[in-house]
Amino acid sequence: QTRHSHSGHVSFADRVKEEIDRSQRSSVQSSTAPEPKRLQTPSTPTLPPRRKVKSKNQFAYMRIMADNKPLSFPPDKLTWEEVAQHNSKHDCWTVINGVVYDVTSYLDYHPGGRGELLQGAGKDCTELFNVYHPWVSEEAILRNARLGPVIGGSCPPDMVARARGKLPSRAASGQGSMRPGGDPTKIVSIPVPST
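Residues 1 to 195 in UniProt numbering are what the sequence shown spells out, letter by letter.
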């Protein structure tokens, strides 16, 4: 029963009340109806959950580093022994895909935080990098941190950075370590914004 203030006219308050009543009746009716079946997506292995960390903006790092000249280091000195000595937050080198990078200045800008990068301090972190960043070009982001190719053969097993937790199953199978297209040597190019 709706009150009419004028002949044939329903007040705004009455229309709102009717709408609320109508929506409550429809919600009661829909709550008693059986819920429709939902499609389930097949489960796929996922990366471990990422914790949020407070870090500086990665794009700020790229802008700052854009004007810097690449670092130079005597190429005959880039041995595994030399890399192993640079393993602290004050002096952090790492090897990705056979190239030595001085990531000390990048520690504060890494979106995953310092701790993630320090896992690879003084070590070869190719496996970790390719599992967590298969789409990222380390050459684009770290181009001014590049020291040169590591010499002295393959990496000693004790210098391979391992994840703190268990890596996803795709990493163990080798899938996670592949670059896009399945070629582990294919590098994805990312344009660096100019200032």
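Each residue gets a CB set at the ideal place from its N, CA and C atoms; glycine is no exception. None of the values given here were measured: they were computed from a predicted structure.
Sub-8 Å separation of residue i and residue j beta-carbons
i, j, result
"S105", "A145", "yes"
"W80", "V150", "yes"
"V103", "L147", "no"
"L107", "C92", "yes"
Where the beta strand (DSSP E) containing residue i begins and where it ends
i, result
"L147", "146 to 149"
Start and end residues, alpha helix (DSSP H) containing residue i
i, result
"V100", "Element bounds for V100: not the alpha helix (DSSP H) but the beta strand (DSSP E), 99 to 102."
"R114", "114 to 118"
"K84", "The sequence shown places Ala at residue 84, rather than the Lys named in the question. Here the alpha helix (DSSP H) through A84 covers 80 to 84."
Contact belief for residue i with residue j at Cβ below 8 Å, rounded distance in angstroms
i, j, result
"G120", "V83", "That belief does not hold up - the Cβ atoms of G120 and V83 are roughly 10 Å apart, past 8 Å."
"D124", "V95", "4 Å"
"T138", "F129", "A small fix is needed here, since residue 138 is Glu in this sequence, not Thr. At roughly 6 Å, the Cβ-Cβ gap stays under 8 Å, so E138 and F129 are in contact."
Simplified DSSP state of residue i, which is helix, strand or coil
i, result
"W135", "coil"
"K89", "coil"
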